[in-house]
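To keep things clear, I will list the structure first and then write my remarks on it.
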Amino acid sequence: MKRLIFFKGIYDTLDLFTEELSRAFCMLGYETKILDVRNMQESLIQLSEFIKQPVTAAITFNNLAFNTELREGENIWEQLDIPCINILVDHPCFYHEALDKGPCNSVVLCIDINHMKYIQRFYPNIPVSGFLPHAGSIHVTNYKKLGEREIDVLYAGGVSAYVNDAIRPDWGKYGKFNGEELGETVLKHLLEEPSRTTEEAVESILNSRGILLTDEELRLLITDMRYIEGLAVSHFREGAVRALVEAGVKVTVYGAGWDKSSLSCHPCFDYRGKIPVRGILEKMMDTKIVLNTMTWFKDGTHERVFNGMLAGALAVTDTSGYMLENFNGMKELPQETEDDTENAQLVFFELTQMDKLPEKVKYLLGNLEQAQIIADCGYQKASEEHTWDVRAKEIEEALFS
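All residue numbers for the sequence shown refer to numbering that gives the first Met the number 0, where the first residue is 0 and numbers rise by one.
Okay, structure coming up:
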């Protein structure tokens with residue numbers, strides 16, 4: 000029997016992913032052990048018992064236990080000769096130190112193809128990297144029809160622009176250029192061309208100015224630019240919600256930072272604070288439209304889309320290369336195009352055309368029969384291709400066969 004080790008204990012969202020993936024592997028016949036890092040002493044005791052029999056791999060999210068050492072300078076997964084599969088659900092630049100010191104028998108999987116390419120370029124010490132789309136965590140079969148649902152539009156996610164001062168870079172450390180001015184220029188480029196990745200914008204600006212950096216210098220600069228990327232993400236996230244509420248569409252919002260937004264006093268803005276991830280999933284099952292903006296994933300996925308679909312709601316999201324290639328999305332209203340929307344699985348909007356978003360959402364809320372057809376197709380697509388059960392099979396085929 001193949002056997003796997005998992006980890007939990009820091010973030011409830013990552014714990015949910017861990018529990019779902021562990022459950023999925025159990026259904027495939029694997030024996031799994033989830034260790035809680037909040038109690039490392041007890042976890043190490045459980046680990047010592049579990050490894051008395053051969054272990055296929057350790058699987059973690061966002062570096063949890065990825066760099067664990069029992070003896071100083073010796074990674075535990077190298078010491079035990081157990082491959083460690085690290086699934087990153089954020090941009091790798093957030094985890095520079097962890098990746099730089101990653102074990103030599105590691106595998107890093109990314110939810111965006113650009114993130115995978117970033118690993119391959121800037122972290123040659125990582126021997127294997129790959130792309131693994133995100134997945135949804137909701138399991139329902141008899142979901143409520145849209146017309147029976149209480150919440151019209153739901154957005155679940157924080158606005159980091161109001162809470163991310165902790166990662167503001169020390170721009171003064173850059174001697175070859177004005178770091179703060181460069182950051183402002185990168186932000187301007189991202190807002191004007193939101194289809195670009197942050198690293199593309201940074202390199203393009205540096206090249207245009209004749210500033211040459213080594214890959215190591217560039218990697219450290221891009222790591223600092225995660226602060227700028229957060230501002231861009233918040234700009235469009237808040238912009239999508241603002242476009243709707245100012246058009247008279249009520250939006251129910253969960254997540255940190257929204258209480259500091261100027262939207263907080265708007266009568267169509269229904270802010271309900273921050274709740275655990277499982278509570279969000281329950282709310283999605285009583286929502287007509289789940290609104291999503293990608294967290295600057297330009298060729299990847301976000302679990303908000305898949306959870307919305309699996310909840311039986313209609314997902315409305317901005318685009319990415321992966322989403323456009325793998326989903327039938329309604330891009331325009333039926334009266335504006337002759338495109339067949341009967342097979343649409345979700346609704347797309349463009350960040351550069353935010354003014355069209357309210358009209359699309361109002362149309363869908365006013366035409367729930369057509370919205371229901373799209374939601375039903377989305378549910379079928381997500382349940383067949385975008386659950387953790389499917390991801391477990393993909394990991395098994397790629398790494399354990």
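Here a beta-carbon is modelled for each residue, glycine too, at the ideal position from N, C-alpha and C. Keep in mind the model is a prediction, meaning the values are calculated, not measured.
So is residue i buried or exposed if we call it buried at 16+ other beta carbons inside 10 Å?
| i | result |
| --- | --- |
| Asn74 | buried |
| Thr196 | buried |
| Asp169 | exposed |
| Ala343 | buried |
| Ser233 | buried |
| Thr292 | buried |
| Thr336 | Low per-residue confidence applies at Thr336: pLDDT is 49, beneath 50, and the placement is therefore not dependable enough to give any value. |
| Cys264 | exposed |
| Ala155 | buried |
| Arg303 | buried |
| Thr140 | exposed |
My assumption, with CB atoms under 8 Å, is that residue i sits in contact with residue j. Please give the rounded CB distance.
| i | j | result |
| --- | --- | --- |
| Gly256 | Ser159 | 6 Å |
| His134 | Trp387 | The amino acid occupying residue 134 in the given sequence is Ala; His does not appear at that position. About 5 Å; that satisfies the 8 Å criterion. |
| Val252 | Tyr270 | 5 Å |
| Thr124 | Ala97 | According to the sequence provided, residue 124 is Asn. The question's Thr does not apply to it. No, Asn124 and Ala97 are not in contact; Cβ-Cβ is about 12 Å, not under 8 Å. |
| Leu345 | Met284 | Incorrect: roughly 17 Å between the Cβ atoms, too far for contact. |
Please name the residue or residues paired with residue i in a DSSP beta bridge.
| i | result |
| --- | --- |
| Cys376 | Paired residues: none, contrary to the question. |
| Lys32 | Ile4 |
| Ala56 | Leu3 |
| Phe268 | Val250 |
| Gly328 | Leu345 |
Quick check on residue i: does DSSP put it in helix, strand or coil?
| i | result |
| --- | --- |
| Thr213 | coil |
| Lys7 | strand |
| Ser194 | coil |
| Ala391 | helix |
| Met39 | helix |
| Val232 | helix |
| Lys259 | helix |
| Lys355 | helix |
| Asn70 | According to the sequence provided, residue 70 is Arg. The question's Asn does not apply to it. Arg70 falls in the strand class under three-state DSSP. |
| Leu63 | coil |
| Thr294 | coil |
Name the two residues that bound the continuous alpha helix (DSSP H) containing residue i.
| i | result |
| --- | --- |
| Asp11 | Asp11 to Met26 |
| Gly146 | First-last for Gly146: undefined, no H or E at that position. |
| Ala97 | His95 to Asp99 |
| Phe121 | Ile112 to Phe121 |
| Val304 | Glu302 to Leu309 |
| Ile75 | Ile75 to Leu79 |
If I follow the unbroken beta strand (DSSP E) through residue i, where does it start and stop?
| i | result |
| --- | --- |
| Leu280 | Unbroken run through Leu280 is the alpha helix (DSSP H), Val276 to Met283; no beta strand (DSSP E). |
| Asn85 | Cys83 to Leu87 |
| Leu131 | Per DSSP, Leu131 belongs to no beta strand (DSSP E) and is neither H nor E. |
| Leu350 | Run containing Leu350: none; DSSP gives neither H nor E here. |
| Leu398 | Premise fails: Leu398 is in no beta strand (DSSP E) and is neither H nor E. |
| Ala314 | Leu313 to Asp317 |
| Val107 | Ser105 to Cys109 |
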